[in-house]
Every structure is written in structure tokens, then in C-alpha cells.
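Take a look at the structure set out below.
Numbering (my numbering), first residue to last: 10 to 230.
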């Protein structure tokens, strides 16, 4: 009886001790450390600047208007060397621009807009012409393909109207802007003006600007 009571007391004591012991990892096991994300590096990447666009060959003529004094970098009175530097050399040196090129020559500078012709007289720029497919306009906003009414609206009585040399249905409108222009045929080397040639269909087909050479009927004469 006494032995049985002692045994039951021993079992009860062992059971109470087991419940008081906290759980622990199994042998050979370790608690996994909590994962930590590395801090992001505080770096700022500079944006790549856009590549510069190549300069246009006609950049100096952008939005330039034709006046009696010139067009963009081309100015009446320039030497041939200055013309070449401003707008490039003759883009077709094999073509003949006049009966005596050393006295009077016409050509298209390589870096000038399409349809631009320069006239060199005795080595000096005397006239600039708009021909063919030129989209350049004068300082009055007039270009090839416009009608004579645009000239009248822009200049009024300031435009001198004469019939075409070879076709009376054609018309020439000449507007002098400076110099002694009182004579029927202006010879003052300092005179500056613009001449609009209107064909029989009523369209401007050529425009000349510069000195007295704007009065020439054909090329250098």
C-alpha cells in the first residue's frame, strides 16, 4: 500500500515537470534568421542628351526673304570669293552661265536653296534670281506662281509695269527701293530693287533682285 502510493506520487511529479519546460528546437536545428532586403543604392542616372542634328547646308537661308540687297548671307556687291564662302561654289562648273563668263556669269551656289541663281559681273555679285522650283519669297511675301494682283496689293503705284520684251501679254513689275532711279533705264550702281516677271498665263515665273542688272532681258544682257 505504502509502495503504491509512493509510485503514484512520483509519476505525478514527473508529469508536472514536463509541462513547465518551454519548447525548444530539435537537436541539430537552428532558428532561421529573418530575411533582410539590402538597401537600394541611391543612384541617379543622368538622362542621355539627344544627338545634335547635323547642320543643314542651307541653314543660313532658313526663313530668309529676297530683298534688293540680297538673300540671307548673300549680299549684293560681294566678291566671288565671298559668295563661295557664304553659299558654296558653282555646283555645275561645266555649264556656261554667259557668253563671257569672266565678264558675266550665272550659276547656282552649291549650298543655296534650289532655284537660286547668282549673277557675277566682273567678279562682283550684281543680281540674285528665283527660278524654276524656288520656294523663296521676297520681303513682300511674294513668290513664284503668284499672280500680278499680289504685286499690286503689296506695292501699289510703287511698281512700274512694262509689257514683256517678246510677248506683250507678259508683264514686268519693277520696284526700286534705293538709289537714283529716275531714268527709264537705271544705271546707278547703288540702285537696288526687285523685278517680277509675269508670264502670259498670269503667273510670276521669275524674280530678280539687286542692282541695275535686274533690268536685263536675257541672262547677262
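The beta carbon of each residue, even a glycine, is placed where N, CA and C say it ideally should be.
Contact under 8 Å by Cβ, residue i with residue j
i           : j           : result
residue 204 : residue 187 : no
residue 131 : residue 105 : no
residue 125 : residue 139 : yes
residue 82  : residue 97  : no
residue 80  : residue 169 : no
residue 157 : residue 211 : yes
residue 74  : residue 147 : yes
residue 178 : residue 198 : no
residue 115 : residue 228 : yes
residue 224 : residue 214 : no
residue 123 : residue 142 : yes
residue 128 : residue 89  : no
With 16 other Cβ atoms within 10 Å as the buried cut-off, status of residue i
i           : result
residue 103 : exposed
residue 230 : exposed
residue 5   : Residue 5 is absent from the structure shown; the chain starts at 10 and stops at 230.
residue 135 : buried
residue 196 : exposed
residue 49  : Low per-residue confidence applies at residue 49: pLDDT is 46, beneath 50, and the placement is therefore not dependable enough to give any value.
residue 149 : buried
residue 120 : buried
residue 100 : exposed
residue 193 : exposed
residue 171 : exposed
Opening and closing residue of the alpha helix (DSSP H) in which residue i lies
i           : result
residue 134 : Counting along the chain, residue 134 falls outside any alpha helix (DSSP H), though it belongs to the beta strand (DSSP E) covering 133-139.
residue 162 : 157-164
For residue i, three-class secondary structure by DSSP
i           : result
residue 85  : coil
residue 118 : strand
residue 218 : strand
residue 94  : helix
residue 224 : helix
residue 202 : strand
residue 106 : coil
residue 24  : Here residue 24 scores only 44 on pLDDT, less than 50, and its place in the model should not be relied on; the value that follows carries that caveat. Residue 24: helix per DSSP, three-state reduction.
N-terminal and C-terminal residue of the beta strand (DSSP E) that residue i is part of
i           : result
residue 172 : 169-172
residue 75  : It is not in any beta strand (DSSP E) - residue 75 carries neither H nor E in the DSSP assignment.
residue 123 : Unbroken run through residue 123: none, as it is neither H nor E.
residue 210 : No beta strand (DSSP E) holds residue 210; DSSP gives it neither H nor E.
residue 180 : 180-187
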